[in-house]
Amino acid sequence: MRSLLFAPAGRADLVAKLPRSRPDAAIIDLEDAVPPAHKEDARSALASLVGDLLADAPGLATYVRVNAPGTSWFPDDVEALPAGLAGIVVPKLEHPEQLTEVSDALVGAGRDGLAVIAGLETARGILDVRDLLGGPVTAAYFGAEDYIADLGGVRSAGAQEVLYARSRVALACRVAGVLALDQVVVDIHDADAFRADAARGRALGYRGKLCIHPSQVALAREAFTPSHEEVAAARELLAEAEGAAADGRGAIVVAGAMVDEPMLRTARDVVARAGDGST
Amino acid sequence: MRSLLFAPAGRADLVAKLPRSRPDAAIIDLEDAVPPAHKEDARSALASLVGDLLADAPGLATYVRVNAPGTSWFPDDVEALPAGLAGIVVPKLEHPEQLTEVSDALVGAGRDGLAVIAGLETARGILDVRDLLGGPVTAAYFGAEDYIADLGGVRSAGAQEVLYARSRVALACRVAGVLALDQVVVDIHDADAFRADAARGRALGYRGKLCIHPSQVALAREAFTPSHEEVAAARELLAEAEGAAADGRGAIVVAGAMVDEPMLRTARDVVARAGDGST
Amino acid sequence: MRSLLFAPAGRADLVAKLPRSRPDAAIIDLEDAVPPAHKEDARSALASLVGDLLADAPGLATYVRVNAPGTSWFPDDVEALPAGLAGIVVPKLEHPEQLTEVSDALVGAGRDGLAVIAGLETARGILDVRDLLGGPVTAAYFGAEDYIADLGGVRSAGAQEVLYARSRVALACRVAGVLALDQVVVDIHDADAFRADAARGRALGYRGKLCIHPSQVALAREAFTPSHEEVAAARELLAEAEGAAADGRGAIVVAGAMVDEPMLRTARDVVARAGDGST
């Protein structure tokens, strides 16, 4: 899941175009992209939206982002989930009890097989992140815009204002065994800003990125797939190390750097990710 | 509280000048700015200092920074608090029990109506920040100089060495519903350094800054008040969104950025802060 | 302990050269620098390696890095510890129970007088760092390479991807009263990169650095020893402050900066460290 592309449930035209950019997953949004006055209409249209989408792109991993647990919309959103989905996205997770609330709602709707992607994007959600990655959660995203809005801060180019929270989420995800998905880039016309932000996210341990425009999908795929150069360098490193181990040399130097077990583990990870199906 | 200006209790001349730069609050310091040998004298002079100050500037929100709980000076400092204060500043808060100690001391002195600004500026205070924002605390500041001195680190221009602690305090304040006040800038002649540091603090969610020189007050007020451009942009965004909502469009694009609920919340916050009394 | 130099236990030539660069401590590594197939041989050679080293450099504080608790090698590594060591380095500490495991193994081997340097270098170790600095631990290092390999992230020049974890470890060490040792720099030919990284580590409160090449030892010593300029400036500041205190002035300005208690504490620390044996 290197790229997850959003479309608002209220925009059938954008939903229909979701498969074109070949994202790893598609997310139809009932939450922030749908104004309160249109929540009911968007929910009513969901079944036919998803039906048409999956008829057009049968293999596409499709998620619905429901409104947050605790809102009046949440129970009806879950009841309205159509067949064929890969999972749901639950935004603004804040309290451990909400994990049970989500599980119970899914069971109640007969949909307990669905994967759950948790949204961590409020001050409380970041503070208590460690307690929010259990139960049905299989992946989680860090929502920088919502988080900074909740804090009353300001987003900036280098994203220093979210380094603490973004690092905290990646670490908690790793310990919980949950896939970490990186923040949105709101300026949809600035590919360089997206690449720079995705590189920072990958450095922190994120495995993919939420996308809000089709043009971001290819950028995300590229950013979270090791490059040919990285894969070649990793393969060379592993070959050198095998040779050194066979000769009984423990410490080897490649390109000026001491090579030891952590570097080898990263190299194996790079090679493994190169092989998991690129475009 | 965008600007809080300090003056040492031992410097009657500086205390008398506090109102001139029109800070949102004035703090008369019995702690770090008063050497041990002069603590008693400074405390004795407090009542007349505050009396003169409030006679000259009756509307000025005035605080006294007492010595830390646990020092031999703390109980007498609280007993000596004069009438007319808005509150006290309690430095180097470290243990949750100290919240009770502060409350009890205020009750004992018949001053339990006073607001309490907590100072978080030691390694332990930062580690346990989450447990230190209850009881009588209504605001808290992050003290970078004391914190780094306690760690045995080094302060630097970009303030990377405090990004973790400064982010941690802002987040804990938000969750506790406590106003977050940003670190001092010690170089009182470098307005650009102050502006840059205040912008970083505002990005992290701080609402105002401690000032140690009158020239910093206007800089703090400017940094923590949304600019005319920000307010105009926020108003435009909200108008666009209202139009889009009326038309049933959920997702709109303004200046290349997807606009959704978090951006609207930030825009509303900017407009609200613009109106809360500038200059 | 400003510089701790590693050599792989499998490289008798490198171990013999450890004293030449005059590190504050030497670490003979049984862990990451020794491939699994050579663990037994390396352990068997340990007693004579250490014996020869200490015969050559009797005053050298010498540590052995054993394999992590929980591996099959750990108990035998501890049993094989030769006489004359200053302590052991325990890598990849993750669970509080491992503190007991380490203590018990040392007692069992009759070596409970040895100092223990804990390695914090996994996602779980960083998350739970606060619970891992008790028992026999007297110092701890942050292992950036292993940590980022465990997270699945990417190391970069500015080290932003580890700022959260590196800050977290330094803070926890300070509160636990444990000496904090900074991350390795893997590019052994780039002195400027080492200096920049060491300066960042010192700013965060670290007191020394792990070195993986003799050329890094002098760089570490220099980075973690206050410079002549720093010491002179600190002495001047303290003299000014003494004068001001004698005159009853609380707040003084030196070089454009307000001087108060935290700055004086840092100055005293600088002067103290200058005197603890340079070159």
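Protein chains in written order, with the numbering used here: chain C, 1 to 279; chain V, 1 to 279; chain P, 1 to 279.
Positions of the beta carbon are idealized from the N, C-alpha and C atoms, including for glycine.
In this text, all values refer to a predicted model and were calculated from it rather than measured experimentally.
Following the DSSP letters along the chain, one finds R265/V in no beta strand (DSSP E) but inside the alpha helix (DSSP H) bounded by residues E261 to A274.
For the 8 Å CB-CB criterion, P8/C and A47/C do not form a contact.
Annotation for S48/V: the continuous alpha helix (DSSP H) segment containing it runs K39 to D56. Listed along chain V is no residue with a C-beta nearer than 9 Å to that of A241/C; the closest approach is about 34 Å. For Q160/P, the chain C residues whose C-beta falls within less than 8 Å of its own C-beta are L163, R200 and A203, listed in chain order. For E261/P, the residues of chain V that pass the 7 Å Cβ criterion are D32, in the order they occur in the chain. In the DSSP assignment, C211/V forms a beta bridge with L5/V. Of all residues in the segment 109 to 128 of chain V, only A123, R124, I126 and L127 place a beta-carbon less than 7 Å from a beta-carbon of chain P.
Given a length threshold of 3 residues, each whole run of the beta strand (DSSP E) inside the segment 61 to 147 of chain C is given here in chain order: 62 to 65, 87 to 90, 115 to 120 and 137 to 142. Taking C-beta separations shorter than 8 Å and ignoring five residues to either side along the sequence, the partners of R168/C in its chain run I126 and V129, following chain order.
Interface with chain V (8 Å Cβ-Cβ cutoff): R195/P is excluded. At a beta-carbon threshold of 7 Å, the residues of chain V lying near V154/C are R202 and A203, ordered along the chain. Under the DSSP definition of a beta bridge, A180/C partners with A140/C.
No Cβ-Cβ contact shorter than 8 Å links A42/P with G84/P.
Contact check for D24/P against G208/P passes: the beta carbons are separated by less than 8 Å. In the DSSP assignment, A25/P falls within the beta strand (DSSP E) that extends over A25 to D29. Rounded to whole angstroms, T71/V and R202/P show a C-alpha spacing of 30 Å. Identification of chain V residues near D13/P by a Cβ-Cβ cut-off of 8 Å yields none; the smallest Cβ-Cβ distance measures about 37 Å. Residues of the same chain with a CB within less than 6 Å of the CB of L54/C, apart from the 5 flanking positions on each side, are G84 in chain order.
A contact between stretches requires three or more CB pairs, one per stretch, nearer than 8 Å, and the segment 239 to 246 of chain V fails this requirement with the segment 214 to 229 of chain V. When secondary structure is reduced to three states using DSSP, V15/P falls in the helix class. DSSP, read as helix, strand or coil, puts A157/V in coil.
Any Cβ of chain C closer than 8 Å to the Cβ of E229/P would place that residue at the interface, and such an atom is absent. Using a Cβ-Cβ cut-off of 8 Å, A170/C is close to L151 and G153 of chain P, given in chain order. No residue range can be given for D32/P, since it is assigned to no alpha helix (DSSP H) and is classified by DSSP as neither H nor E. Distance from the CA of A33/P to the CA of P69/P, rounded to the nearest whole angstrom, comes to 17 Å.
For A139/C, the closest alpha carbon among the candidates Y63/C, R221/C and A159/C is that of Y63/C. Here H38/V is buried, its C-beta having at least 16 other C-beta atoms within 10 Å.
A distance below 8 Å separates the beta carbons of A220/V and A198/V.
Using a Cβ-Cβ cut-off of 8 Å, D24/V does not count as an interface residue toward chain C, since no Cβ of chain C sits closer than that to its own.
Burial of G153/C is indicated by the presence of at least 16 other C-beta atoms within 10 angstroms of its C-beta. Remark: C-beta atoms of L5/C and S21/C approach each other more closely than 8 Å. Distance from V78/P to L30/P at the Cβ level is roughly 10 Å; contact not present, criterion being Cβ atoms closer than 8 Å. Chain C has a Cβ within less than 8 Å of the Cβ of V175/V.
At least 8 Å separates the beta-carbon of V259/P from that of P226/P.
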